[in-house]
Amino acid sequence: MLKAVARVLPDPRNPALVRHSTEHLLRQCVFGLCQGYEDLNDHDRLRDDLALQT
């Protein structure tokens, strides 16, 4: 479902500078919200969490 949403969202970023697709950014946001992390600043700390990497 997020793939379909990412396809219809405009992406004004310069494609040469893009590291993460719109779909991946949406996944990060939605999955974080589902886990109770309301702020995106939590994601930087969570990248080293072994439970989430598994």
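Counting in the numbering used here, the sequence shown runs from 549 upward without gaps.
All C-beta atoms in this analysis are idealised placements derived from N, C-alpha and C, irrespective of residue type, glycine included.
Please read all numbers here as calculations on a predicted model, not as lab measurements.
- With respect to Leu594, Leu574 sits apart: the two C-beta atoms are not nearer than 8 angstroms.
- In this chain, the alpha helix (DSSP H) harbouring His572 covers Thr570 to Cys582.
- Between Thr570 and Leu588, the gap from beta carbon to beta carbon reaches 8 angstroms or more.
- From the listed residues His572, His591 and Leu565, the smallest Cα separation to Ala554 is found for His572.
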